[in-house]
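Written below as structure tokens is the structure these notes are about.
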Amino acid sequence: MAIEVRIPTILRTYTGGEKSVDGSGATLVELIDDLEARHPGIKDRLIEAKDGQDDLRRFVNLYVNDEDVRFTGGLGTELSDGDQVVVLPAVAGGAGSS
Amino acid sequence: MLTLTPEIRDAIVAHARRDHPDEACGVVAGPEGSDKAVRFIEMTNAAGSPTFYEFDSTELLQLYKEMDANDEEPVVIYHSHTSTEAYPSRTDIGLASEPGAHYVLVSTREHGNSEGPVEFRSYRIDDGEVTEEEVVVTAEPARQTTNESE
Numbered sequence: 157m158a159i160e161v162r163i164p165t166i167l168r169t170y171t172g173g174e175k176s177v178d179g180s181g182a183t184l185v186e187l188i189d190d191l192e193a194r195h196p197g198i199k200d201r202l203i204e205a206k207d208g209q210d211d212l213r214r215f216v217n218l219y220v221n222d223e224d225v226r227f228t229g230g231l232g233t234e235l236s237d238g239d240q241v242v243v244l245p246a247v248a249g250g251a252g253s254s
Numbered sequence: 012m013l014t015l016t017p018e019i020r021d022a023i024v025a026h027a028r029r030d031h032p033d034e035a036c037g038v039v040a041g042p043e044g045s046d047k048a049v050r051f052i053e054m055t056n057a058a059g060s061p062t063f064y065e066f067d068s069t070e071l072l073q074l075y076k077e078m079d080a081n082d083e084e085p086v087v088i089y090h091s092h093t094s095t096e097a098y099p100s101r102t103d104i105g106l107a108s109e110p111g112a113h114y115v116l117v118s119t120r121e122h123g124n125s126e127g128p129v130e131f132r133s134y135r136i137d138d139g140e141v142t143e144e145e146v147v148v149t150a151e152p153a154r155q156t157t158n159e160s161e
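Chains as they are written, first to last, in this note's numbering: chain A, 157 to 254; chain B, 12 to 161.
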């Protein structure tokens, strides 16, 4: 089962410079494990432990077929053959509270 | 060095003034590898905050898909600080994820929504390292033939 995953510039060090890689998995968490097997180190850039559970990093956006996965079940989002997953780091910052 | 047309510089400043006291944010895209800031795109600050900005996630996806289709990249990523200087904060540095972009900071702390000089500065932020660079505002020839052939 092939799922196209679009990789942002800052993570292309893990994919040998490729903008897009194929992966497989029935859910997003399985897809990320599959990506990690092919591109070691990438999982840690996407996932962090929150309250003892793996969760998507706060400042990473993942989209399945243009839907932000925060609204479709997070890491449990189900995937099918031919889906497209886009990874985009948040563009964020600010003065912060002093 | 960052080179901008007066129109784009003014558009960034106008956005920052309009959204003051909240932070304003956006992008100037340009052809990949050209380092030319051509297409000005205001983004919605989903945080709607005087101390934080984050591109709306739906607009962010739309933006990157458009840039991908046009063979563009984010040449400038801008945002405003509304009560502090136009220098990258720890948050700005920690979250910067486009090492190839010019990070423009505008400070509206002096005049807020009103006319008047603003601080307008540009930086490279690469892996936690901040390097300020010169900003040159110059009216380029209206149509760059290189843009059309790329």
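A virtual CB, placed ideally from N, CA and C, is assigned to each residue, including glycine.
Item to check | Spatial distance of L257/A from V225/A (CA atoms) | outcome: Examination of residue 257/A is not possible in this model, given that chain A is present from 157 through 254 alone.
Checklist entry - Is the shortest distance between the beta-carbon of D137/B and the beta-carbons of chain E less than 7 Å? => result Looking at the structure shown, chain E is missing, and the protein chains on hand are A and B.
Checklist entry - DSSP three-state call for T102/B: helix, strand or coil? => result In the second sequence, residue 102/B corresponds to position 91, counting from 1. Note: T102/B maps to helix in three-state DSSP.
Next on the checklist: Excluding the 5 residues flanking G59/B on each side, which residues of the same chain have their C-beta closer than 7 Å to its C-beta?
Outcome noted: Here residue 59/B refers to the residue found at position 48 when the second sequence is read from its first residue. Sequence-distant Cβ neighbours of G59/B in its own chain, meaning closer than 7 Å and more than five residues away, are D33.
Item to check | Residue interval of the alpha helix (DSSP H) (run including D21/B) | outcome: Translated into positions along the second sequence, residue 21/B becomes position 10. Here the alpha helix (DSSP H) through D21/B covers 17 to 30.
Next on the checklist: For a quick check, are the C-beta atoms of P245/A and V220/A less than 7 Å apart?
Outcome noted: The residue you call residue 245/A lines up with position 89 of the first sequence. The residue you call residue 220/A lines up with position 64 of the first sequence. For P245/A and V220/A, no; Cβs fall outside 7 Å.
Item to check | Euclidean distance between Cα positions of K206/A and A112/B | outcome: Position 50 of the first sequence, counting from 1, holds the residue named residue 206/A. Position 101 of the second sequence, counting from 1, holds the residue named residue 112/B. Taking the straight line joining both Cα atoms gives about 31 Å.
Checklist entry - Does DSSP put R135/B in a helix, in a strand, or in coil? => result Numbered from its first residue, the second sequence carries residue 135/B at position 124. Residue state, collapsed to three classes: strand.
Item to check | Span of the beta strand (DSSP E), counted from its first residue to its last, around M12/B | outcome: Mapped onto the second sequence, residue 12/B falls at position 1. Note, M12/B: premise wrong, no beta strand (DSSP E); not H, not E.
Checklist entry - To the nearest whole angstrom, what separates the beta carbons of R144/B and L13/B, a pair I think is in contact under 8 Å? => result To locate residue 144/B, count along the second sequence from 1; it is residue 133. To locate residue 13/B, count along the second sequence from 1; it is residue 2. Inspection of the sequence shows that residue 144/B is occupied by Glu rather than by Arg. With a Cβ gap of about 6 Å, E144/B and L13/B count as contacting.
Checklist entry - Going by alpha carbons, who is nearest to A107/B out of E140/B, G44/B, I52/B? => result Locating residue 107/B in the second sequence gives position 96, counting from the first residue. Residue E140/B is the option with its Cα nearest to A107/B.
Checklist entry - Between the stretch 80 to 90 of chain B and the stretch 24 to 43 of chain B, do three or more beta carbon pairs fall short of 8 Å? => result yes
Item to check | Residues of the stretch 222 to 245 of chain A with Cβ closer than 8 Å to any Cβ of chain B, in chain order | outcome: D222, D224, R226, V242, L244, P245
Checklist entry - On the three-state DSSP scale, how would you describe S180/A? => result In the first sequence, the residue the question calls residue 180/A occupies position 24. Secondary structure of S180/A (DSSP, three-state): coil.
Item to check | chain B contacts made by the stretch 170 to 197 of chain A, where a contact means CB separation under 7 Å | outcome: none
Next on the checklist: Less than 7 Å between C-beta atoms, sequence neighbours within five positions excluded: which residues of the same chain meet that for A150/B?
Outcome noted: What you label residue 150/B is simply residue 139 of the second sequence in a count that begins at 1. Around A150/B: T16, P17.
Item to check | Interface residues of chain B facing I166/A [CB-CB closer than 9 Å] | outcome: By one-based count along the first sequence, residue 166/A stands at place 10. Residues of chain B passing the Cβ test: S108, E109, P110.
Next on the checklist: Is there a C-beta anywhere in chain B that falls below 7 Å from the one on V247/A?
Outcome noted: Numbered from 1 along the first sequence, position 91 holds the residue referred to as residue 247/A. At least one chain B Cβ lies under 7 Å of V247/A.
Item to check | V146/B (DSSP reduced to helix, strand or coil) | outcome: Taking the first residue of the second sequence as position 1, residue 146/B is located at position 135. V146/B: strand per DSSP, three-state reduction.
Next on the checklist: Among the candidates E70/B, K76/B, T142/B, D30/B, whose CA atom is the shortest distance from the CA of T93/B?
Outcome noted: If you number the second sequence from 1, residue 93/B lands on position 82. When C-alpha distances from T93/B are compared across E70/B, K76/B, T142/B, D30/B, the shortest belongs to D30/B.
Checklist entry - Any chance the CB of V242/A is under 6 Å from a heavy atom of the ligand MN? => result Of ligands this structure carries none, so the ligand MN is not represented either.
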